Each structure stands twice: as structure tokens, then as C-alpha cells.
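To convert, note that position 230 of the sequence shown is 229 in numbering that gives the first Met the number 0; the numbers rise steadily by one, no gaps. Positions of the beta carbon are idealized from the N, C-alpha and C atoms, including for glycine. In this text the structure is predicted, and so the values were computed from the model without any measurement. Working notes for the structure below.
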Amino acid sequence: MGKLAIEGGCPVRNHPLPPDYPGATMMGEEEVEAVNKVIKAQSPFRFYGENVQHTVDQLEEMMAKDLEVPYVLGVSSCTAAIVIALKALGVGYGDKVIVPSVTFIATAGAVISANAVPVFVDVDASLNLDPNDLERVMDDEVKAIIAVPLSGNPNDMDSIMAFAKKHNIYVIEDVAQSCGIKYKGRHQGTIGDIGVFSFQMNKILTAGEGGAIATKDKNLFERIVRYHDQGSFRAGIKNKFDIESSDIQSSFAGQNYRMSEITGAILVEQWKKLDRIINATKKSRKYIMDAVAEKLPNIKFQKCIDDEGHVGIAFGIQFEKPNDAKLFHDALNSENVGCRFIYRRKPVYRFDQIFHQRTTEKDNFPFNYPFKKPVLYTENMCPNAEYYLQRTIQVPISPMFTDQDVHDVITGIVKVYDTLFSKTGEKTS
Ligand SMILES: *Cc1c(COP(=O)(O)O)cnc(C)c1O
Numbered sequence: 000m001g002k003l004a005i006e007g008g009c010p011v012r013n014h015p016l017p018p019d020y021p022g023a024t025m026m027g028e029e030e031v032e033a034v035n036k037v038i039k040a041q042s043p044f045r046f047y048g049e050n051v052q053h054t055v056d057q058l059e060e061m062m063a064k065d066l067e068v069p070y071v072l073g074v075s076s077c078t079a080a081i082v083i084a085l086k087a088l089g090v091g092y093g094d095k096v097i098v099p100s101v102t103f104i105a106t107a108g109a110v111i112s113a114n115a116v117p118v119f120v121d122v123d124a125s126l127n128l129d130p131n132d133l134e135r136v137m138d139d140e141v142k143a144i145i146a147v148p149l150s151g152n153p154n155d156m157d158s159i160m161a162f163a164k165k166h167n168i169y170v171i172e173d174v175a176q177s178c179g180i181k182y183k184g185r186h187q188g189t190i191g192d193i194g195v196f197s198f199q200m201n202k203i204l205t206a207g208e209g210g211a212i213a214t215k216d217k218n219l220f221e222r223i224v225r226y227h228d229q230g231s232f233r234a235g236i237k238n239k240f241d242i243e244s245s246d247i248q249s250s251f252a253g254q255n256y257r258m259s260e261i262t263g264a265i266l267v268e269q270w271k272k273l274d275r276i277i278n279a280t281k282k283s284r285k286y287i288m289d290a291v292a293e294k295l296p297n298i299k300f301q302k303c304i305d306d307e308g309h310v311g312i313a314f315g316i317q318f319e320k321p322n323d324a325k326l327f328h329d330a331l332n333s334e335n336v337g338c339r340f341i342y343r344r345k346p347v348y349r350f351d352q353i354f355h356q357r358t359t360e361k362d363n364f365p366f367n368y369p370f371k372k373p374v375l376y377t378e379n380m381c382p383n384a385e386y387y388l389q390r391t392i393q394v395p396i397s398p399m400f401t402d403q404d405v406h407d408v409i410t411g412i413v414k415v416y417d418t419l420f421s422k423t424g425e426k427t428s
């Protein structure tokens, strides 16, 4: 196999793998043309202009059709989408929302922006929320749960939906990292009450920024539209979705979380590439994992309950000891096979702004609500999250991987794992 690159040996590759920006790396002339059209029409706003191209409308229609859900709205970001979702559901001050302890900070931050307070549920070996831990954080002040399929890895939606039904709370699916994901053949983001999507740079499809919201519920959708557009419900949207003209009493103060036509133009082209992207990543993921498992029968992968539904943009390798994960991480990166710990190995509640419940408001609002059961965050409150984050190395998979790239990832993992662990068993240092 040769000496490890980290010890002065020859690396498996001489240059890095394609960057981990699936949508951005697939950008091309199609996006250029689409944006040009909007600019040439001098109509970058979705609701009026000289010659509106209706790119946001088109995106919404494509998403609704492909996701098999009646209502989709393009918005400015997924963070905005979570805030909008909570507002539409009427969840806010005095309410608690269950958030997984392993997720991007936006999931928790958006809950606080909506004036509710997050309570954190632990994860299992999938790094997704553990349905068996939900009862622990449940009380009658909890109004919703946000399920987050991490890096394309499906949630156990049957258990989550059963729990929500039992307690009569809402389910939001935050599929920001997992566009195209399925659970038991159904699109995640359409199983709960509301699904939220991200088109930020790091996500599977991107326009740099952008988001979307999906729901099956007409009344919720009306509230979603209103909140994202200053409380108004414009004729264009009303006609498009055939929603009855709403009276003034159903109005409320909103925000501007609208999507621009330029974003819409890019995302229409990106959305057309989704199948191609995830077909490529799924194929590479399966090929790599099968090959690695064959050569390293003792290797442990991050748990996945639905391999068919996984979008394939990454997989995880798990170690018994944190130090082994660190050794593997450093050695594999030195071979020019990129891999990483996620979220700096910290559960989301360990990030300062969340842990110390810091907001911009007076009197510690919204944490100052006199909850019957106060909300406190403590170190190690979700022991599995702390455990698995220290021991999981994520290997990202790009749709741009060539056969050689796939081969190098396999060679790199086998070389590093074999050299570090196979001869003496697991290292204990
Ligand atoms: C990226 C991300 C968000 C936020 O998306 P933006 O579009 O950047 O606001 C929310 N939730 C999760 C799980 C994410 O990964």
C-alpha cells in the first residue's frame, strides 16, 4: 500500500477531489442564458415589471410536480423558510420546538427568530434525531418538531409522524441539505405539515442563496404566502393556486422573504439537473461503500435506514475512539481525499449563541417566557450527539467525480484504514 502521505509517503492523489458544491459545480451556459433573459427583460421582480419572465413561478411549478405536493413557494433562504413555517403554523412566543441536537445552527436560530424556544432531542448512530428520545423532551409547551435529514440521510418519518400525531404537534421537515431525498419512496419535505428547502451555496442545488417551502395544506399555504410578502396575498398567487380571496381579517404583519426572478432563473436550470446530480452521487456512494466494505470488513458506516432514499452526497465512517477518528481524518486528507468532522464536533446547543441563549432582545426574550418547565441547555445533555460527532468522519461525494476519483477515494480509505488500524487492531493512543 505504501507509506501514508502524512508520514512522508506518496499521496493517493496529487490534487484535491472536485469541490463539494454539487449544484455550483454543475453550473453552465444554461444558467447564464436564463439569467440573461431576466436581465434583458429588465424584470428581476416576480410580481411586476415590463416583461416578467415568471421564473419563480416556473420553479414552484417544477418543484410541486416533481415533489408531488400541491403548494410550493420560492423564498429568500431556508432560514427564512423555517421562520415562515413557524409563523404559518402559529408557533411563537411561549412555545417550544423540538430540534435535533445535530444540525446546522440555522434550524435552532430560526426557531428563536420566530420567538419560540428550541429544545434538543438526541441522535442515534445515523446522526439524525432519535425517535426514542422524543418523549424525554416532550411536554405540553412543545408545539412542533423539526426533522432534519442530515447530509442526504433520510429520517425515520414513520416514527416521527406517529409521535407527532400522538401528541398533536406539527412536523416541519428541514431538507436544506437533502434536496431529492426520499423516505420509503415518498419525498421528504412533503410528509410532515411543511417542508423547507435551501439553495445556498453549500447545498445540492444553488443560486448562491435561496429557499423554498412546500405544503399540502391550502390554509397553511395562504399564511406562508402572506408572511413572506408583508402580509399581502397578491392576485397573481391567488389565481395561480386557485385560493379564495381572503378577507382582511386573515391578514397579519409579515416580512419580505421573496425570491427574485434572477434567483428563480438560476434555480429552474438547477432543478432540471437534480436527477442527474443525485443519480451520480448515489451511484458513487454505493460503489465506494460496497468496495470499501469488501476490503475492510470491520469498517463501520454511519447508520442509514433507507439507502434507496439517501441522496448520496456523503457517507460517514464511525470509529470507537475519538482519537482514531482524528488520526483517520488527518491521514486521509493528506492523501488528498477530502473528509471532515461535521459541525466542529459540537452539537448545535453547544454553539455559544444558543448555549447562552443570547438574543438581540430585551429581558432575554423569548427565553424569558414563564415556561412551566424551564428550558436550560447543559453540556452533554444529548450524550449520543456528543459521542457520535467525536467519532464520525464524513466523506463528501461530488456529482463531478470521475471513475478515477471514485477509485482514489476507495484506495485512500483502504490505505489509511489498513495502515492505521489493521495491523495492530484499533489504535489506542
Ligand atoms: C443550510 C441549512 C439551513 C439554512 O439554509 P439557508 O438557505 O442558508 O438559510 C437550514 N437548515 C439546515 C439543516 C441547513 O443545512
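Enumerate in chain order the residues of its own chain whose CB-to-CB distance from residue 70 is below 6 Å, with the five nearest sequence positions on each side excluded.
Excluding positions up to five away in sequence, the list reads 214, 220.
Which ranges would you report for the alpha helix (DSSP H) in the region 0-81 if only whole runs of at least 4 residues count?
Entirely contained in the region 0-81, the alpha helix (DSSP H) runs reaching 4 residues are, in chain order, 21-24, 28-39, 54-66.
CB-CB under 6 Å to residue 284, same chain, minus the five flanking residues each way: which ones, in chain order?
Closer than 6 Å at Cβ, skipping near neighbours: 311, 314, 396.
Is any heavy atom in ligand 1 found nearer than 6 Å to the beta carbon of residue 173?
Yes, ligand 1 has a heavy atom inside 6 Å of this Cβ.
Should residue 384 be listed as close to ligand 1, given that the test is whether its C-beta is under 6 Å from any heavy atom?
No - ligand 1 has no heavy atom lying nearer than 6 Å to the Cβ of residue 384.
Name the DSSP bridge partner or partners of residue 185?
Paired residues: 182.
List the whole-angstrom C-beta distance separating residue 82 from residue 109, where the pair is believed to meet the contact cut-off of C-beta under 8 Å.
At roughly 5 Å, the Cβ-Cβ gap stays under 8 Å, so residue 82 and residue 109 are in contact.
Would you mind giving the Cβ-Cβ distance between residue 72 and residue 227, rounded to the nearest angstrom? I have them listed as a contact below 8 Å.
Confirmed, Cβ separation roughly 7 Å.
Any heavy atom of ligand 3 within a distance shorter than 6 Å of the CB on residue 147?
In terms of ligand content, the structure shown lacks ligand 3 and carries ligand 1 instead.
Going by other Cβ atoms of all chains shown within 10 Å of its Cβ, with 16 needed for buried, is residue 75 buried or exposed?
It counts as buried.
Which same chain residues, not among the five before or five after residue 173, have their C-beta less than 6 Å away from its C-beta?
The answer, listed in chain order, is 106, 145, 147, 195.
Any chance the CB of residue 213 is under 6 Å from a heavy atom of ligand 1?
Answer for residue 213: no, Cβ out of range of ligand 1.
Please report the distance separating the alpha-carbon of residue 419 from that of residue 40.
When rounded, the distance between both Cα atoms is 60 Å.
Within 10 angstroms of the Cβ of residue 231, are there 16 or more other Cβ atoms? Answer buried if so, exposed if not.
Classification for residue 231: exposed.
Among the residues of its own chain, which have a CB less than 6 Å from the CB of residue 421, if the five just before and after it don't count?
Taken in chain order, the list of residues that qualify is empty.
Could you round the C-beta distance between residue 454 and residue 100 to whole angstroms and report it? I think they count as a contact, below 8 Å.
There is no way to answer for residue 454, as the model of the chain reaches only from 0 to 428.
Can you tell me whether residue 243 is buried or exposed? The criterion is at least 16 other CB atoms within 10 Å of its CB, across all chains shown.
That one is exposed.
Please list the segments of the beta strand (DSSP E) lying wholly inside the region 163-239, counting only runs of 3 or more residues, in order along the chain.
Taking only runs of at least 3 residues, the beta strand (DSSP E) segments lying wholly in the region 163-239 are 169-173, 193-197, 210-214.
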